[in-house]
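> Structure below; questions to follow.
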Amino acid sequence: MEDILLLEAVERYLAGDMSAEEKVMFEDLRKKNAEVDQLVVEHTYFLQSLNNYGAVHSFKHVLQEAETTLAVDGIFATPKLTGTAKLVNLWNKHKRNVAVAASIAGFISLLTLGLMITYTKKYSNQDYVYLVKELVKTNSEVYKLKNTTGALPVIKEKPQPKVDFRGTGFLIDGKGYLVTNAHVINKMKNIYVENNRGQYFNAMSVYADISVDLAILKINDTSFKAVSSLPYSIKKANSDLGEQFFTLGFPRNEIVYGEGYVSAKSGSDGDTTAYQLTVSANPGNSGGPVINRNGEIIGIITAKDSKADGVVYAAKSKNIFKLLDKLKKDDEKYELIKTPVNTNLKGLERVQQVKKMEEFVYMVIGN
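Under our numbering, the first residue of the sequence shown is numbered 536, with each subsequent residue one higher.
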């Protein structure tokens, strides 16, 4: 009975049906009880999966209505059945459509189940800790991005937004498209990104895939100025065992540098979409780029093993291209997204590489 009541509370919370007082109490419970927080996250993605199924069902309904309209207008003629075996004729005529519809429904069910199993498996592993930072101080105490180079003035053009969560992201297209982790933004209703000048911009999620824990964001702020080119490239091939790299991210209110090496070609529990890395990482590093000495992004920091010091997991960079392919198939307007293919960082000293990189690495914040 308690489980049923808890699930009802989660559904009311996600639907926005709670009073202000109830919402505050429930969010406080989420912070104190990891199991409740996990249930909210899992139920959110479950409802999203159901919505995706509903969209396909609605599309099929639209097709059926269109066929009926065409038939009524005489544009499309529906052949009349002949003979006495009407049920057999009907089956012979429509069995292909029925089979296709059944296949689609079955595929969606299996895909939804697979995603939920993958997502739940990661969450059920208590040693697998996502590196998104939940901010508990007042906004004025935590939301001050310092200028790390001293060369760029800190600009405060707009009132600062309320910030509850913080992660990292980086540009993959100078027109304002970034990549971060799906778990970084899954609790955010309002998303903002901030650069190393202290400027923040409104952003929105245009695509997310929980199976690889990646999301594509778009800066939709008129004050953002597009970048003509990015100095790094994104690697499509797997990296070698022992390959050295450096990372940039926001575990603090200023950008933080780290370095390490690829310690395994798969992630937690043999996850082939990820690497195991040996590097220092903390909450706030999620979504940060992993860059090799040639200036190629090879991965995206995702999580760490809480019981093994220095063991960190990163989604492989080739997953970015898979996300973009899916996004472009879903919406043609994203066909113009162009990822960088050349790197200008090869052969430079590490300090110079970092200086050229850091203006394209953003703090991802939201509430």
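C-beta: ideal position from N, C-alpha, C; glycine also.
Across which residues does DSSP place residue 793 in a beta bridge pair?
What you label residue 793 is simply residue 258 of the sequence shown in a count that begins at 1. Its beta-bridge partners are 782.
> Let me check understanding here. Comparing Cα to Cα, which of 712, 779, 783 lies closest to residue 754?
Translated into positions along the sequence shown, residue 754 becomes position 219. For the residues 712, 779, 783, the minimum Cα distance to residue 754 belongs to 712.
> Looking at the secondary structure, which residues open and close the alpha helix (DSSP H) in which residue 567 lies?
Taking the sequence shown and counting its residues from 1, the one referred to as residue 567 is at position 32. Its alpha helix (DSSP H) spans residues 555-567.
> Is it buried or exposed, residue 892, if we count other Cβ atoms within 10 angstroms and call 16 or more buried?
For this step, residue 892 is matched to residue 357 along the sequence shown. Buried: at least 16 other Cβ atoms inside 10 Å.
> Would you check if the segment 860-873 and the segment 756-768 touch, i.e. whether three or more CB-CB distances between them fall below 8 Å?
Touching, no.
> Three-state secondary structure (DSSP) at residue 727?
The residue given as residue 727 occupies position 192 in the sequence shown. Strand, per DSSP.
> Thinking just about the alpha-carbon of each residue, which of 828, 710, 723 is nearest to the one in residue 886?
Against the sequence shown, residue 886 aligns to sequence position 351. Nearest of 828, 710, 723 to residue 886, Cα basis: 828.
> Can you give me the Cβ contacts of residue 763 inside the same chain, cut-off strictly under 7 Å, excluding the 5 residues immediately before and after it?
In the sequence shown, residue 763 corresponds to position 228, counting from 1. Only 709 meet the Cβ criterion.
> What runs of the alpha helix (DSSP H), each 4 residues or longer, lie entirely inside the segment 799-884?
Here the runs fully enclosed are 853-865.
> Measure from the alpha carbon of residue 855 to the alpha carbon of each residue in 716, 813, 574, then state which is nearest.
Locating residue 855 in the sequence shown gives position 320, counting from the first residue. Of the listed residues, the one whose Cα sits closest to residue 855 is 716.
> Is residue 769 near the ligand NAD, judged by its Cβ being under 8 Å from some heavy atom?
The ligand NAD is not part of this structure, which contains no ligands at all.
> Taking the beta carbon of residue 841 as the centre, do at least 16 other beta carbons fall within 10 Å, making it buried, or is it exposed?
On the sequence shown, position 306 is the one that residue 841 refers to. Per the 10 Å Cβ criterion, exposed.
> Ignore the nearest five residues each way along the sequence and tell me which others in residue 815's own chain have a CB closer than 6 Å to its CB.
Taking the first residue of the sequence shown as position 1, residue 815 is located at position 280. Same-chain partners within the cutoff: 793.
> So residue 503 is in the alpha helix (DSSP H); what residue range does that whole segment cover?
Residue 503 is absent from the structure shown; the chain starts at 536 and stops at 902.
> With DSSP as the reference, label residue 701 as helix, strand or coil.
Sequence index remark: in the sequence shown, residue 701 carries index 166 (1-based). Residue 701 falls in the strand class under three-state DSSP.
> Within the continuous beta strand (DSSP E) that includes residue 751, where are the two ends?
Stepping through the sequence shown from its first residue, residue 751 is reached at position 216. It spans 749-754 - the beta strand (DSSP E) in which residue 751 sits, taken as one unbroken run.
> Between 894, 799, 567, 554, which lies nearest to residue 733 when the distance is taken from Cα to Cα?
Counting from 1 along the sequence shown, the entry for residue 733 is found at position 198. When only C-alpha atoms are compared, the closest one is 894.
> Would you call the CB atoms of residue 728 and residue 548 closer than 9 Å?
What you label residue 728 is simply residue 193 of the sequence shown in a count that begins at 1. What you label residue 548 is simply residue 13 of the sequence shown in a count that begins at 1. Their beta carbons are not under 9 Å apart, which means residue 728 does not touch residue 548 by this criterion.
> Tell me, which residues are paired with residue 664 by DSSP?
Position 129 of the sequence shown, counted from the start, is the residue given in the question as residue 664. Note: residue 664 sits in a beta bridge opposite 839.
> Taking C-beta to C-beta, are residue 823 and residue 796 nearer than 9 Å?
Indexing the sequence shown from 1 puts residue 823 at position 288. Indexing the sequence shown from 1 puts residue 796 at position 261. Not in contact: residue 823 and residue 796 (Cβ atoms no closer than 9 Å).
> Looking only at its own chain, which residues have a Cβ that is under 6 Å from the Cβ of residue 551, when we skip the five neighbours before and after it?
Your numbering for residue 551 matches position 16 in the sequence shown. Nothing listed; no residue qualifies.
> Alpha carbons only, please: which of 803, 700, 560, 668 is nearest the one belonging to residue 818?
Taking the sequence shown and counting its residues from 1, the one referred to as residue 818 is at position 283. Answer by Cα proximity: 668.
> Measuring CB to CB, does residue 785 end up less than 9 Å from residue 701?
Locating residue 785 in the sequence shown gives position 250, counting from the first residue. Locating residue 701 in the sequence shown gives position 166, counting from the first residue. Against a cut-off of 9 Å, the Cβ pair of residue 701 and residue 785 comes out as a contact.
> Tell me which residues share the same chain as residue 724 and place their Cβ nearer than 8 Å to its Cβ, disregarding the 5 neighbours each side in the sequence.
Position 189 of the sequence shown, counting from 1, holds the residue named residue 724. Counting only Cβ-Cβ distances below 8 Å, and skipping sequence neighbours, we find 901, 902.
> In whole angstroms, give me the CA-to-CA distance for residue 874 and residue 884.
Here residue 874 refers to the residue found at position 339 of the sequence shown. Here residue 884 refers to the residue found at position 349 of the sequence shown. When rounded, the distance between both Cα atoms is 24 Å.
> To the nearest whole angstrom, what separates the beta carbons of residue 849 and residue 810, a pair I think is in contact under 8 Å?
Translated into positions along the sequence shown, residue 849 becomes position 314. Translated into positions along the sequence shown, residue 810 becomes position 275. Indeed they touch by this definition, with Cβ atoms about 5 Å apart.
> CA-CA distance, residue 876 and residue 770?
Here the question's residue 876 lines up with position 341 in the sequence shown. Here the question's residue 770 lines up with position 235 in the sequence shown. Answer to the nearest angstrom: the Cα atoms are 9 Å apart.
> Suppose you measure from the CA of residue 831 to the CA of residue 768; what does that come to, to the nearest Å?
One-based indexing of the sequence shown puts residue 831 at position 296. One-based indexing of the sequence shown puts residue 768 at position 233. Each residue's alpha carbon lies about 5 Å from the other.
> List the whole-angstrom C-beta distance separating residue 714 from residue 872, where the pair is believed to meet the contact cut-off of C-beta under 8 Å.
Taking the sequence shown and counting its residues from 1, one reaches residue 714 at position 179. Taking the sequence shown and counting its residues from 1, one reaches residue 872 at position 337. Not confirmed; about 11 Å, so no contact.
> Would you identify the three-state DSSP class for residue 552, choosing helix, strand or coil?
Taking the first residue of the sequence shown as 1, we reach residue 552 at position 17. Residue state, collapsed to three classes: coil.
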